Structures are given as structure tokens and as C-alpha cells.
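A.B. asks: One structure follows; several queries about it will come next.
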Amino acid sequence: MSVRVYYHLSQYVSHCVAGTNAVSALRKAGVELVDSPQAADVIIVHDEPSVYPSWSTRYAGIKRLVAYCVWEAVVLPEQYRRNLLGFDRVWTCTPFSAQAFQDAGFVNVDVVPHVVPPHAPSDDDVAFMRERIGYRPDVRYFYTIVDSINPRKNFSTLLHVFTSTLGRDPNVRLIVKQYREPWDVGSLPNVVDVSEHLSKGEMQALHEVGDVYISAHHAEAWGLPLSEAMAAGNPVIATGFSGNMFFMNDENSFPVRYHETSVSDAMLRAVPLFTPDMRWGNIDEGHLAYLLRKVSRGRIPAGLPRAARKEMQRFSPRSVGMLMKNLLDLLHAPST
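For the sequence shown, my numbering begins at 306 and goes up steadily by one.
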């Protein structure tokens, strides 16, 4: 009998995007998805750790429980360790994230990558995005998609390095797509602010219209916009640290040098899950500036776009869907 799965999905933006893609991949792999946890053999909880105890209290020992859970720093928070008790498996998106769970003593960890859907924007969405940014064919468009108020994204450093390096170049722009609580960046030189809501199709169009994706993040469990940009064949310039290095390398992107350091006081205040013993990467601003200048002059290896698209095929709905199906079948198999 095939396994029946209930997938609980958080509404937090990155969880929602990743989880929606995972659900679609499960369906395509032939997994039976049910509408209630009571009807399921396996329950997948794709949410923040604060909700895990409510699931394990009700269903541990009755249903198989899987937590789809990610972490961005080197040390796992105590709340994660405590709240994951009662779950049969932990799924996480990259070996970097998995290492934090394993170092905390978890032996039931599987790397289940995020699904990277095919890049297929509509002509109407591309036309909208070109009009929205005042597209000019003679301009090279760098772009970033960022939660501005999250210190982990290191948005202020990205803006500083870009404007000081390319702010006076008439043939360069930086498109900034912000969400949650956007900063006022419209007055910065060569910066195009896009803070309104964009549909899924319009976001794909942003990857089509943009030329080069940039991120100065301190740490990512994965980095969804980076993988989406690579699926579009765009060069990605990003901190060469954390989960994004599962799919970035010198052949398919531009990893930026960094040094490892303790997380900032701003991060400790913003998200109390972070503690002073945790570490992340601090981008080398000089190397970032060098790569911005290099790419702005068109010095991009001819094979890089193809290599980026090929790398993303590893994470197709079919590939990840079959991986999840196999893991679920193993979990549901009778004990011998």
C-alpha cells in the first residue's frame, strides 16, 4: 500500500515558496497527499521550530513525523534540539544545514534539496517587468531579492559596495526587490527600488530581465533567489559561505571570498535564536567590488550560464520528488 502524506506548510515567505514547490514535486512523483493529518501515514511539518511540539505531542508514536527544518549558522539553537524530540526524521536542504543538526547529536537527518522549478516566464510578465524598471538594452542590470530588515542578509553592505563601485556608471543599475519592511533606497545612485508585491510570474520575469544576481549574505541555509537566478542562466555573485555552496562553484558562478566570524549583535537582537557562540561569514568587500567591476565590463566566462542551468537540473521537480518518495517509502516500510 502506498504511503499517504499530510504536508503542513508554513506561511512564512521562504518556507511557503519552498514547501509549495515540494508539494508539487511529491504529486508529480505519485505520492498520495491527503487533506488531514488523521488520514496520513506520514506527516511532514515544514515550519518554524516553535510549532513542532504541538505536532509531536499529538502524533508521536501514532504517525511517522518528518520535520523539514533548516538552519543558517554553524551551531544549532537549543530550541531546535529540544523541539525536534519526537520526530522520526529531520529533512534539511543542504549538507551545510545538515551538519548543524548532526553536530547537535541528530542521527536521523536527510538532505532533501529545495526544488528549483524550470525558468519559464510569460511574455506578458517580462513586458511588465521591463516597463516597471524602465528597461534599456544598453544597461547591465544587477539585481537582488532581499528581506531588508534581516541582518543576516547584510543588505547595507551590498548597497554600500555597489554604490561606491558602480554608482557613477551610466550603463549599470541595481534592481532591489524588497519584502516585509522595505528600506527607502530610491534616492541611491543607480538603484531601482521594487518594494511592491510581485506575483510568481513577475518574480520569474525579474530573473529574465535581470542580468546578474548579487548577494552579500552572512549565511543561507540554501538561498532561493540564488538558485532561481542560476536556473535562468544568470551569473550569481554571492558570499562563498554556507548552504549556497551546495550548488555554487567557480565554474557556474562567482563565489566571493569571506572570513568566518561571530554573528553580529544586531542579529542577536533581531532573532533571539541566534547566540554569541554561533558563527557566519563576513564578505570580503574588496573582492565583491572587484567582481562587480569585472562582470559590469562583460568579463563572464562563455560557459558559465550553461553550467549554472545544468547545475540546477540536479534539483528539478522530478529529481527531488523521487528522492522524497524513496525516503517516505523507507520510513513507511514495516520494521523487520
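Where a beta carbon is used, it is the ideal one built from N, C-alpha and C, also for glycine.
Note that the coordinates shown come from a computational prediction; the quantities given were computed from them, not determined experimentally.
Beta-carbon within less than 8 Å of PRO487's beta-carbon, same chain only, minus the 5 sequence neighbours each way: which residues are those?
C.D. replies: Apart from sequence neighbours up to five positions away, the residues of its chain that approach PRO487 with a beta-carbon distance below 8 Å are SER453, ASP498 and SER500, ordered along the chain.
A.B. asks: In angstroms with no decimal places, state the Cα-to-Cα distance between PRO400 and GLY548.
C.D. replies: 7 Å
A.B. asks: Compute the beta-carbon to beta-carbon distance between VAL600 and GLU513, rounded to the nearest angstrom, for a pair I have assumed lies under 8 Å.
C.D. replies: Rounded, the Cβ-Cβ distance is 18 Å, inconsistent with contact.
A.B. asks: When the Cα atoms are used, what is the spatial distance from SER355 to LEU370?
C.D. replies: Rounded to whole angstroms, SER355 to LEU370 spans 16 Å at the Cα level.
A.B. asks: Sort out for me which residues DSSP pairs PRO560 with in a bridge.
C.D. replies: ALA543
A.B. asks: Please look up how many angstroms separate the CB atoms of LEU338 and VAL308, rounded, as I've assumed it's under 8 Å.
C.D. replies: About 10 Å; that fails the 8 Å criterion.
A.B. asks: May I have the straight-line CA-CA distance separating ARG386 from GLU353, to the nearest angstrom?
C.D. replies: Answer to the nearest angstrom: the Cα atoms are 13 Å apart.
A.B. asks: Out of curiosity, what's the CA-to-CA distance linking SER402 and VAL490?
C.D. replies: Near 32 Å, if we compare the C-alpha coordinates of VAL490 and SER402.
A.B. asks: Per DSSP, LYS368 forms a beta bridge with which residues?
C.D. replies: ALA365
A.B. asks: Tell me which same chain residues have a C-beta within less than 6 Å of the C-beta of ASP582, skipping the five on either side of it?
C.D. replies: VAL380
A.B. asks: I'd like to check one pair, PHE620 with PRO418: are the Cβ atoms closer than 8 Å?
C.D. replies: yes
A.B. asks: Can you name the start and end residues of the beta strand (DSSP E) that TYR312 belongs to?
C.D. replies: Its beta strand (DSSP E) spans residues 309-314.
A.B. asks: Counting C-beta neighbours from all protein chains within 10 Å, is the total for ASN557 16 or more, i.e. buried, or is it exposed?
C.D. replies: buried
A.B. asks: Does THR544 pass the burial test, meaning 16 or more other C-beta atoms within 10 Å, or should it be called exposed?
C.D. replies: buried
A.B. asks: Assess, as a yes-or-no matter, whether the region 425-441 is touched by the region 504-512 under the definition of 3 or more beta carbon pairs within less than 8 Å.
C.D. replies: Contact holds: three or more Cβ-Cβ distances are below 8 Å.
A.B. asks: Distance check for TYR518 and ALA534, CA to CA, integer angstroms please.
C.D. replies: 7 Å
A.B. asks: What are the partner residues of ASP498, as DSSP defines its beta bridges?
C.D. replies: VAL481
A.B. asks: Could you pull the start and end residues of the beta strand (DSSP E) that GLY591 belongs to?
C.D. replies: Premise fails: GLY591 lies in the alpha helix (DSSP H), 590-601, not in any beta strand (DSSP E).
A.B. asks: Going by Cα to Cα distance, which pick from PHE392, GLY515, SER329 and GLY538 is closest to VAL625?
C.D. replies: Answer by Cα proximity: SER329.
A.B. asks: Can MET617 and LEU331 be called in contact, C-beta distance under 8 Å?
C.D. replies: The Cβ-Cβ distance between MET617 and LEU331 does not fall below 8 Å.
A.B. asks: Evaluate ALA571 with the Cβ neighbour count: other Cβ atoms within 10 Å of its Cβ, from every protein chain shown; 16 or more gives buried, anything less gives exposed.
C.D. replies: Exposure of ALA571 is indicated by the presence of fewer than 16 other C-beta atoms within 10 angstroms of its C-beta.
A.B. asks: So VAL444 and ARG478 are in contact, right, with Cβ under 8 Å, and what is the actual spacing, rounded?
C.D. replies: The Cβ separation is near 6 Å, so the contact holds.
A.B. asks: LEU578 and GLN343 - do their beta-carbons sit closer together than 8 Å?
C.D. replies: no
A.B. asks: Can you check DSSP and say which residues form a bridge with PHE447?
C.D. replies: LEU479 and VAL517
A.B. asks: Using only CA atoms, which one of TYR312, LEU596 and TYR317 lies nearest to TYR484?
C.D. replies: TYR317
A.B. asks: DSSP beta-bridge partners for GLY586?
C.D. replies: Bridge pairing for GLY586: GLU565 [DSSP].
A.B. asks: Given a threshold of 16 other Cβ atoms within 10 Å of its Cβ, counted over all protein chains shown, does ILE588 qualify as buried or as exposed?
C.D. replies: buried
A.B. asks: Helix or strand or just coil, what does DSSP make of TRP396?
C.D. replies: strand
A.B. asks: Where does TYR317 fall in DSSP's three states?
C.D. replies: coil
A.B. asks: Is it buried or exposed, GLY603, if we count other Cβ atoms within 10 angstroms and call 16 or more buried?
C.D. replies: exposed
A.B. asks: Are the Cβ atoms of VAL375 and CYS398 separated by less than 8 Å?
C.D. replies: yes
A.B. asks: Ends of the beta strand (DSSP E) at ILE348?
C.D. replies: 347-351
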